[in-house]
Amino acid sequence: MESISYSVGEVGGSVLWRSPVRGSVVGDLEGFHEVLAVWYPSHKAFLELPNADGAREMFRYRRTCVEEAHILELPDIS
56 MESISYSVGE VGGSVLWRSP VRGSVVGDLE GFHEVLAVWY PSHKAFLELP NADGAREMFR
116 YRRTCVEEAH ILELPDIS
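When the letters of the sequence shown are read in order and numbered with this note's numbering, they come out as residues 56 to 133.
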């Protein structure tokens with residue numbers, strides 16, 4: 056988790072929260088173990104993430120540990 060927070064912070068973003076998945080009310084979430092909410096100051100900052108300091112390590116962990124992931128872009132809900 057530290058590598059995610061560090062790399063996201065390098066592009067000006069932050070991990071807002073993370074939580075284990077206990078189940079699903081509607082739909083199939085079998086195999087999902089965790090949900091992360093990450094805020095980026097802009098779409099451009101998100102696109103810069105692969106070039107951020109520490110991103111290589113973060114993506115290496117992801118390839119090793121994450122079988123399936125979904126990335127959703129949401130409007131600013133402040």
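Even for Gly, the Cβ is constructed at its ideal location relative to N, Cα and C.
Residue i burial status per 10 Å Cβ neighbour count (16 or more: buried)
i    : result
I59  : buried
A124 : exposed
A110 : buried
Cβ shell of residue i (< 7 angstroms), same chain only, five flanking positions each side left out
i    : result
M113 : S58, I59, S62
F87  : V76
Candidates the options: closest to residue i by CA position
i   : options         : result
E65 : F101, L91, R117 : F101
L91 : L104, I126, G82 : I126
Any non-hydrogen atom of the ligand NAD within 6 angstroms of residue i CB
i   : result
P96 : As presented, the structure is devoid of all ligands, the ligand NAD included, so that no description of it is given.
Under 7 angstroms between C-beta atoms of residue i and residue j
i   : j   : result
G78 : Y95 : no
C70 : V93 : Looking at the sequence provided, one finds Val at residue 70 rather than Cys. Taking 7 angstroms as the Cβ cut-off, V70 and V93 qualify as a contacting pair.
Same chain only: Cβ atoms within 8 angstroms of residue i, ignoring 5 sequence neighbours per side
i   : result
W72 : L91, A92
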